[in-house]
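Peer 1: What follows is a structure written as structure tokens; I'll ask about it next.
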Amino acid sequence: MKRNNFDTVQVSAANVVPYLRSTLKRIFDILFSLLVLCLLSPFLLMAVLLVGLDGGPVFYYQRRVGLHGETFKCWKFRTMVVNAEMVLKHLIESDEKIAKEWNTTQKLQVDPRITWIGKWLRRCSIDELPQFINVLNGSMSVVGPRPFAREQMGLYNNAALAKYLSVKPGLTGSWQVYARHDTTFACRAKYDELYVDQASFAMDLALVAKTPLAMLRGQ
């Protein structure tokens, strides 16, 4: 099997934990998303105003890979400068240390692309609240593997990729709660794989309950 082609990865629904395809999980996704959007509407409005003051669009989306390899628009509040992709390309080409860090973790510890308000939004994970719209439209779940970009597919081995493609990506999950700022991309993939193997309603509730603390600690 080729590692960089979705068509070569076989995903069997029979091997997926039944809960991940259950009506219970979908009902929880819808009800919880509506509740959070209502309760946090003042923070959403504040984020809209602050990002707007920085200039440029308030929202942006990235193409992410979801269930069965289908790509979808993953929405966020904009936390970076408008030309972030060009800035990243220049940084990688001009600094070997930065290039190595990006290739290993797919992020930069000190990222000059992040705006002043973006740093605060990211620290509290408020930048990801628009993804509840993705949950409501069915492209994501409240709890699941972290969404990844198509070009990051090669960072997963075939077994992990097959499991990822068998479920919807999540707004929060094991990696997001326990090790978001402390692991390599390979370790992140392992967290995602373990979640797919062990998922249950009780686990989802536990991860959701722990997410606010992780947000407050900036994890």
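Per UniProt numbering, the sequence shown starts with residue 1, numbered consecutively. Virtual Cβ for every residue (Gly too), placed ideally from N, Cα, C. These figures come from a predicted structure and were not determined experimentally.
#1: Quick check on G66: does DSSP put it in helix, strand or coil?
#2: Tell whether a beta-carbon distance below 8 Å holds between S33 and L129.
#3: Would you tell me roughly how many angstroms separate the C-alpha atoms of S41 and E96, rounded to the nearest one?
#4: On the DSSP bridge assignment, give the partners of I114 in chain order.
#5: With distance defined between alpha-carbon atoms, name the residue in L53, A186 and C74 nearest to Y60.
#6: Can you tell me where the beta strand (DSSP E) with G170 in it begins and where it stops?
#7: Give me the residue from D111, T71, L88 and L91 with the minimum Cα distance to M140.
#8: Looking at A202 and Q176, is the spacing between their C-beta atoms short of 8 Å?
#9: A13 by DSSP, collapsed to three states: which one?
Peer 2: Reading it off the structure:
#1: In the structure shown, G66 sits in coil (DSSP, three-state: anything other than H, G, I, E or B).
#2: No, the pair does not count as a contact, with Cβ atoms beyond the cut-off.
#3: The alpha-carbon atoms of S41 and E96 are separated by roughly 42 Å.
#4: Partner(s): M80.
#5: The candidate whose alpha carbon is nearest that of Y60 is C74.
#6: Note, G170: beta strand (DSSP E), G170 to T172.
#7: With respect to the C-alpha of M140, the residue from D111, T71, L88 and L91 having the closest C-alpha is T71.
#8: Contact: no.
#9: Confidence at A13 is low in this model, with a pLDDT of 47, below 50, so the placement of that residue should be treated as unreliable; the coordinate-derived value is given next. Assigned with DSSP and collapsed to three states, A13 falls in helix.
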